[in-house]
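In numbering that gives the first Met the number 0, the protein residues as written are 0 to 207. We put the CB at the ideal spot given by N, CA and C, even for glycine. Beneath this line is the structure, given in structure tokens, with notes to follow.
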Amino acid sequence: MKVKQWLLTLILIIGAGVVGAAEPGKDPVGAAVKTYFDQAFERLRLVAEKHPTVDSLRRDMKPLVDATTGFFGGTLIDTNFVIIQVYFKRDALARGYDLKKVKQLTGFWKKMREAPTPQLSEPGHGNLIQPRLVAMRYPVVVEGKLQSVVSMMVRTESFLKETGLDQLAGCRITCNGVIAEAIGELTGDLNRVELDLPANRWLIEYKR
Numbered sequence: 000m001k002v003k004q005w006l007l008t009l010i011l012i013i014g015a016g017v018v019g020a021a022e023p024g025k026d027p028v029g030a031a032v033k034t035y036f037d038q039a040f041e042r043l044r045l046v047a048e049k050h051p052t053v054d055s056l057r058r059d060m061k062p063l064v065d066a067t068t069g070f071f072g073g074t075l076i077d078t079n080f081v082i083i084q085v086y087f088k089r090d091a092l093a094r095g096y097d098l099k100k101v102k103q104l105t106g107f108w109k110k111m112r113e114a115p116t117p118q119l120s121e122p123g124h125g126n127l128i129q130p131r132l133v134a135m136r137y138p139v140v141v142e143g144k145l146q147s148v149v150s151m152m153v154r155t156e157s158f159l160k161e162t163g164l165d166q167l168a169g170c171r172i173t174c175n176g177v178i179a180e181a182i183g184e185l186t187g188d189l190n191r192v193e194l195d196l197p198a199n200r201w202l203i204e205y206k207r
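The structure is reproduced here in structure tokens:
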């Protein structure tokens, strides 16, 4: 299967929690979420198709960076899941970091090794030196074999703003059954967006 054929196994399901299904065309927020990830993964696909190397990553990622509001960083990861290059020179210390040490990513790497497909991590909570982030990864495959992985991180606040989720009364993002982000009040009937990828599932619930 070619990488192009993997692109966006994202399945959008928009509905109301109790009163039944809502019409997708009448839910601009749900449509905006799907469009956001469609575009983000398409940009990553274009980078992956260039087969970036340590020397070419910054050049290969530049169009993606220019087109992505809230872009925080990008990396090239080898098949041992070690960071071998970063987009911003400020992140140079991250080179050589073994991502297998990150417990939350264990399942993702297992699936990437077994069947390389695009991945969407749960929103990171952030800390004093790093903002809340959403991470997306795309495999670089040559002759059917995983060669490397390209990854980008986007500020969560930018994702929320771009999709209109920041303007709602409340919003909750659940990744693989675990609540990763909760904003505002959520009561009564809720709208839902589900994003299903081979590696994981996002459920976004919100109150308009």
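Asked: Comparing C-alpha positions only, which one of Lys88, Thr74, Asn79, Phe40 sits nearest to Ala66?; Found: Phe40
Asked: Under the rule that 16 or more other beta-carbon atoms within 10 Å means buried, what is Pro117, buried or exposed?; Found: buried
Asked: Looking at chain C, is there any beta carbon in it that lies within less than 9 Å of the beta carbon of Ser55?; Found: Within the model displayed, chain C is absent; a lone protein chain is all it includes.
Asked: Closest to Val133 by C-alpha separation, out of Arg154, Val139, Asp59, would be which residue?; Found: Arg154
Asked: So, for Leu9: in the same chain, excluding its five sequence neighbours on each side, which residues have a beta-carbon less than 6 Å away from its beta-carbon?; Found: For Leu9, the predicted structure reports a pLDDT of 41, less than 50, and the residue's modelled location is therefore unreliable. A value from the coordinates is still provided. Result list for Leu9: Phe36, Leu194, in chain order.
Asked: Distance, Cα to Cα, Trp108 vs Arg171?; Found: 26 Å
Asked: Around the Cβ of Lys25, are there at least 16 other Cβ atoms within 10 angstroms (buried) or fewer (exposed)?; Found: exposed
Asked: Let me confirm a value: Ala20 is counted as buried when at least 16 other C-beta atoms fall within 10 Å, else exposed. Which label applies?; Found: Any answer about Ala20 is weak, because its pLDDT of 37 lies below 50 and its placement is not dependable; what the coordinates show is given next. Exposed, because fewer than 16 other Cβ atoms sit within 10 Å of the Cβ of Ala20.
Asked: Starting from Glu121, trace the beta strand (DSSP E) in both directions and tell me its first and last residue.; Found: Per DSSP, Glu121 belongs to no beta strand (DSSP E) and is neither H nor E.
Asked: Gly29 by DSSP, collapsed to three states: which one?; Found: helix
Asked: For the region 74–87 against the region 140–159, are there 3 or more C-beta pairs whose distance is under 8 Å?; Found: yes
Asked: Classify Arg200 as helix, strand or coil using the three-state DSSP reduction.; Found: strand
Asked: Does the region 198–206 come into contact with the region 157–176, if we say contact requires no fewer than three beta-carbon pairs (one atom in each stretch) closer than 8 Å?; Found: yes
Asked: What residue does the alpha helix (DSSP H) around Pro130 start on, and which one ends it?; Found: First-last for Pro130: undefined, no H or E at that position.
Asked: Count the other CB atoms, across all protein chains shown, that sit within 10 Å of the CB of Asp59; report buried if there are 16 or more and exposed otherwise.; Found: buried
Asked: Hey, could you find the ends of the alpha helix (DSSP H) Ala66 is sitting in?; Found: 56–66
Asked: Bridge partners for Pro138 per DSSP, in chain order?; Found: Val148
Asked: Touch check for the region 71–84 and the region 94–110: three-plus C-beta pairs under 8 Å?; Found: yes
Asked: For Phe70, which option in Val53, Lys144, Gly29, Met135 has the closest C-alpha, if you only look at C-alpha atoms?; Found: Met135
Asked: With Val177 and Glu121 assumed to form a contact (beta carbons below 8 Å), what rounded beta-carbon distance in angstroms separates them?; Found: 7 Å
Asked: Could you tell me which residues DSSP puts in a beta bridge with Phe70?; Found: Val153
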